[in-house]
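Numbering (the numbering used here), first residue to last: -18 to 72.
All C-beta atoms in this analysis are idealised placements derived from N, C-alpha and C, irrespective of residue type, glycine included.
Below is one structure, written out as structure tokens; the observations come after it.
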Amino acid sequence: MATVRLHRAFAGLFPGAPATLELDAATVADTIAALDARWPGMGDRIRIPGGPVRPNIRVFVDGTQAELATPVAAGSTVHVLLATEIGRAHV
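Next comes the structure, spelled out in structure tokens:
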């Protein structure tokens, strides 16, 4: 299981979405799909449908900016942040 930390904006858009949760996923794309399965529409807020992560979103795995194919290992921490918050985030 990986720890996923969502930007606080997602809680406002998807009531019940916690700031931190545990997910079992092999890649960043799988992580986004798992989030979308729990909160329909969240995947479309994070990535362009059928495409890459949206330009206003950044995903980090263990402190390194990630792409959709980036592996997510058990024990990893995945941050889903707004790009405007990167300078203020402690990844």
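Per DSSP, the bridge partner or partners of residue i
i, result
"Thr12", "According to DSSP, Thr12 bridges with nothing at all."
"Leu62", "Arg39"
"Arg(-14)", "Thr1, His60"
Straight-line gap, residue i to residue j (C-alpha atoms, nearest Å)
i, j, result
"Thr8", "Asp43", "13 Å"
"Asp11", "Thr65", "24 Å"
"Phe(-9)", "Glu48", "20 Å"
"Asn37", "Ala55", "27 Å"
Beta-carbon spacing of residue i, residue j below 7 Å
i, j, result
"Val61", "Leu(-6)", "no"
"Leu4", "Val(-15)", "yes"
"Ala15", "Ala6", "yes"
"Ala(-2)", "Val59", "no"
"Ile13", "Ile27", "yes"
Per-residue DSSP class, three states only, for residue i
i, result
"Ala54", "coil"
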